[in-house]
Amino acid sequence: MKVFREICIICLCDDELIINAIKEIFSDHVVNIEICHTIEEFFTKYFQKRPDIIIFNIEENQNLNEVNPIEIINHIRNQLNDFNVYIMVLLPSNLVALRESLMNLSPDDIILKPLSSERLFHFHLNMAKRRVQLIKQLSYAYERISREIDFAINIQQKLLPKYPLETEDLVIDFFYEPSGRGSGDYFDFFYIDKHLVRVIIADVSGHGSKAAALMVIVSALFKSSKMLKLELGKLVQLINNELIDIIQGDFDIVTLFVLDIDTLKKEIKYINAGHCPGVLIDKNKSIKLIKPNSTVLGVVKQDFSVDSFSYNNFEGILLVTDGYYEWEFDNDSIWGFENFLNTVKEILSSEKKFLLDMLENYIKNTCELPPIFRDDRTALWIEFSKY
Amino acid sequence: MEALEVIKKNDSIIFKYSGELTLDIIDEIKNEVTSIIENDIKDERAIIFDLSDVSFLDSSGIGFLIHMKNRINAMNKKCYLLRPSNVVKNTLSLVNLINFFTIIDDEGESLIEI
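Residue numbers (numbering that gives the first Met the number 0), protein chains in the order written: chain A, 0 to 386; chain B, 0 to 113.
The following block contains the structure:
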């Protein structure tokens with residue numbers, strides 16, 4: 000455990016007894032003691048030094064217009080939202096009203112005077128010392144974990160395609176918006192043969208580092224299928240078996256929609272493992288849903304049947320993750336798949352061709368209040384007949 | 000947890016949850032339900048999840064129900080979904096999981112089947 004040896008204390012007093020006690024208790028630290036007598040002086044030092052401890056020593060006949068602990072503590076806690084700094088107030092025991100007001104403002108310690116012994120103040124300073132050390136260690140650990148997570152997220156982002164795919168036969172455009180740090184959504188596409196494009200969209204339940212880690216595993220296995228030339232059923236079986244081994248005992252699931260698009264035969268083979276339906280749009284702008292033909296992954300070992308269809312008469316297929324339609328609508332209700340489909344239909348009836356940007360704009364114009372997206376959102380638009 | 004009601008009835012334990020069954024709450028529910036199932040179940044033959052007041056089910060909620068069913072079945076007990084709300088039914092249908100569960104309209108049905 001890292002030990003922090005530098006400490007800054009602002010004292011709103013110059014009582015020798017207090018200063019000496021600080022020096023004694025923090026003798027194993029490099030301690031910077033700043034002494035202030037006015038509010039202006041205090042806040043100048045506060046912003047310059049960002050102290051670890053603030054000590055007020057209120058005297059019985061003190062002029063509170065010069066240093067008003069209520070005003071200062073209120074500002075620190077409620078305006079600056081600084082709950083890390085340790086605030087200690089020494090207060091004459093007969094100032095009952097001031098004590099009551101102070102207690103509402105959450106100082107860390109109120110010590111009533113006269114002190115029964117010097118050792119009592121040492122005891123309180125030691126408590127402050129331990130608390131400051133813990134806060135510093137916690138902040139340090141949090142920053143370290145944050146850096147690690149950012150590093151992992153950075154890797155995760157690198158696994159996703161950066162650019163749409165645009166060839167003579169096919170256009171694959173995408174929209175991706177993680178909900179926070181670490182996403183459970185995954186999509187990818189690449190040629191596995193001259194006329195064969197493999198596309199995947201997957202969703203790990205939840206988000207954060209756990210979902211991101213599972214997503215990386217799905218990605219690695221999916222990418223390996225390019226080299227191993229695994230057929231779809233075998234690929235999904237491999238992913239499922241690996242996920243079962245990893246997930247065991249936890250409550251995670253993965254949904255996945257994977258397609259092989261043969262641009263020569265104009266045929267699609269697919270497995271929809273518990274993923275939300277794909278929206279297939281024909282050239283007359285009507286839609287057909289490609290519902291799941293197997294169940295979610297990570298639960299039970301199973302074989303996966305591959306279905307196929309010819310896309311000759313179709314314009315494209317829209318694949319999304321559930322975050323695309325499970326978001327908070329006006330008045331706390333969930334938007335839902337039906338509304339999502341209706342929006343797609345609305346675009347198809349009023350626009351010449353379907354584009355992902357339109358979907359975003361239509362969704363944002365659907366509700367009066369800005370939509371509150373809870374989950375990662377991914378959409379893939381595979382267009383068959385651009386040229 | 001206020002939203003989770005646990006009712007012991009005849010040979011069954013009924014978990015009635017009201018509200019959104021989502022990622023935000025799933026760990027808490029999981030811990031409570033798992034603890035009861037692992038420690039308190041003796042002669043009960045069925046575990047019933049009353050989902051009639053569930054207003055939303057996300058993928059974490061689905062994962063919870065699937066894995067819970069598998070765990071309960073592994074203990075040689077039956078698992079049922081009681082009167083799932085339309086939202087729950089629609090969500091499970093959408094991802095082809097509606098037939099994965101045994102749905103009942105009355106807790107008495109679980110006893111008949113046993």
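Just so it is clear, CB atoms sit at the ideal spot from N, CA and C, and this is done for glycine as well.
Q. In terms of alpha-carbon separation, which member of A:L119, A:A378 and A:I316 lies closest to A:K287?
A. Numbered from its first residue, the first sequence carries residue 287 of chain A at position 288. Taking only the C-alpha atoms, the option nearest A:K287 is A:I316.
Q.
Give me, in chain order, the residues of the same chain whose beta-carbon lies closer than 8 Å to that of A:E65; leave out the 5 immediate sequence neighbours on both sides.
A. Walking along the first sequence from the start, residue 65 of chain A turns up at place 66. Answer for A:E65: H36, T37 and I38, listed in chain order.
Q | Beta-carbon proximity check, A:G297 vs A:I289, cutoff 7 Å | A | Within the first sequence, residue 297 of chain A is the residue found at index 298, counting from 1. Within the first sequence, residue 289 of chain A is the residue found at index 290, counting from 1. It is not a contact, given that the beta carbons lie outside the stated cut-off.
**Q.** Per-residue contacts from B:N72 into chain A (C-beta, under 9 Å)
**A.** As a first step, residue 72 of chain B must be located in the second sequence, where it is residue number 73. Neighbours of B:N72 on chain A: none; closest Cβ ~10 Å, over 9 Å.
(Q) Is there a C-beta anywhere in chain B that falls below 7 Å from the one on A:G277? (A) Start at 1 with the first residue of the first sequence, and residue 277 of chain A comes out as number 278. The Cβ of A:G277 sits no closer than 7 Å to any Cβ of chain B.
**Q.** Residue from B:D10, B:K7, B:A2 and B:G18 with nearest C-alpha to B:V86
**A.** Counting from one through the second sequence, the residue named residue 86 of chain B turns up at place 87. Per the Cα distances, B:G18.
Q | Pick from A:C275, A:L237 and A:I52 that is closest to A:K128, judged by C-alpha positions | A | In the first sequence, counting from the first residue as 1, residue 128 of chain A sits at position 129. Cα-wise, what sits closest to A:K128 is A:I52.
Q.
Quick check: what's the CA-CA separation for A:P160 versus A:E40?
A. As a position in the first sequence, residue 160 of chain A is number 161, starting the count at 1. As a position in the first sequence, residue 40 of chain A is number 41, starting the count at 1. Straight-line Cα distance between these residues: approximately 55 Å.
Q: Could you pull out every residue in the same chain whose Cβ sits closer than 7 Å to the Cβ of B:E4, ignoring the five residues on either side in sequence?
A: As a first step, residue 4 of chain B must be located in the second sequence, where it is residue number 5. Listed in chain order, the non-local C-beta contacts of B:E4 below 7 Å within the same chain comprise K15, local neighbours out to five positions each way being set aside.
Q: Output, in chain order, the set of chain B residues within a Cβ distance shorter than 9 Å of A:D377.
A: The residue given as residue 377 of chain A occupies position 378 in the first sequence. First, the residue type needs correcting, since residue 377 of chain A is Thr and not Asp in the sequence shown. Chain B residues near A:T377: none, gap ~13 Å exceeds 9 Å.
Q: Just grab the DSSP bridge partners of A:V170 for me.
A: As a first step, residue 170 of chain A must be located in the first sequence, where it is residue number 171. In DSSP, A:V170 forms a bridge with A:E165 and A:E382.
Q) When the cut-off is 7 Å and only beta carbons count, does A:P370 lie next to chain B? A) Sequence index remark: in the first sequence, residue 370 of chain A carries index 371 (1-based). Contact of A:P370 with chain B is not assigned, every C-beta pair being separated by 7 Å or more.
(Q) Less than 7 Å between C-beta atoms, sequence neighbours within five positions excluded: which residues of the same chain meet that for A:I362? (A) To locate residue 362 of chain A, count along the first sequence from 1; it is residue 363. Taking A:I362 as the centre and dropping the five residues before and after it, the same chain places the C-beta of T342 and P370 closer than 7 Å to its C-beta, in chain order.
Q) Mind checking B:T21: buried by the 16 CB within 10 Å criterion, or exposed? A) Here residue 21 of chain B refers to the residue found at position 22 of the second sequence. Buried: at least 16 other Cβ atoms inside 10 Å.
Q. Of all the CB atoms in chain B, is at least one closer than 7 Å to the CB of A:D108?
A. On the first sequence, residue 108 of chain A is found 109 positions in, with the first residue counted as 1. No, A:D108 does not count as interfacial toward chain B.
(Q) Whether or not the region 162–180 of chain A and the region 106–120 of chain A are in contact is what I'm after, with contact meaning three or more pairs of Cβ atoms, one per stretch, closer than 8 Å; do they touch? (A) They do not touch, by the three-pair rule.
Q: Report buried or exposed for A:E367, applying the criterion of at least 16 other Cβ atoms within 10 angstroms of its Cβ.
A: To locate residue 367 of chain A, count along the first sequence from 1; it is residue 368. Residue environment for A:E367: exposed (fewer than 16 other C-beta atoms within 10 angstroms of its C-beta).
Q.
Does the structure place the region 76–95 of chain B close enough to the region 56–65 of chain B that three or more beta carbon pairs sit under 8 Å?
A. They touch, by the three-pair rule.
Q | Paired residues, beta bridge with A:W326 - DSSP | A | In the first sequence, residue 326 of chain A corresponds to position 327, counting from 1. Note: A:W326 is bridge-paired with A:F372 in the DSSP secondary-structure output.
Q: Closer than 7 Å, Cβ to Cβ, to anything on chain B: give me those residues from the region 331–358 of chain A, in chain order.
A: Of all residues in the region 331–358 of chain A, I333 and F336 have a Cβ within less than 7 Å of some Cβ in chain B.
Q: Starting from the Cα of A:E176, find the closest Cα among A:E382, A:Y323, A:V235 and A:D14 and give me that residue.
A: One-based indexing of the first sequence puts residue 176 of chain A at position 177. Per the C-alpha coordinates, the member of A:E382, A:Y323, A:V235 and A:D14 positioned closest to A:E176 is A:Y323.
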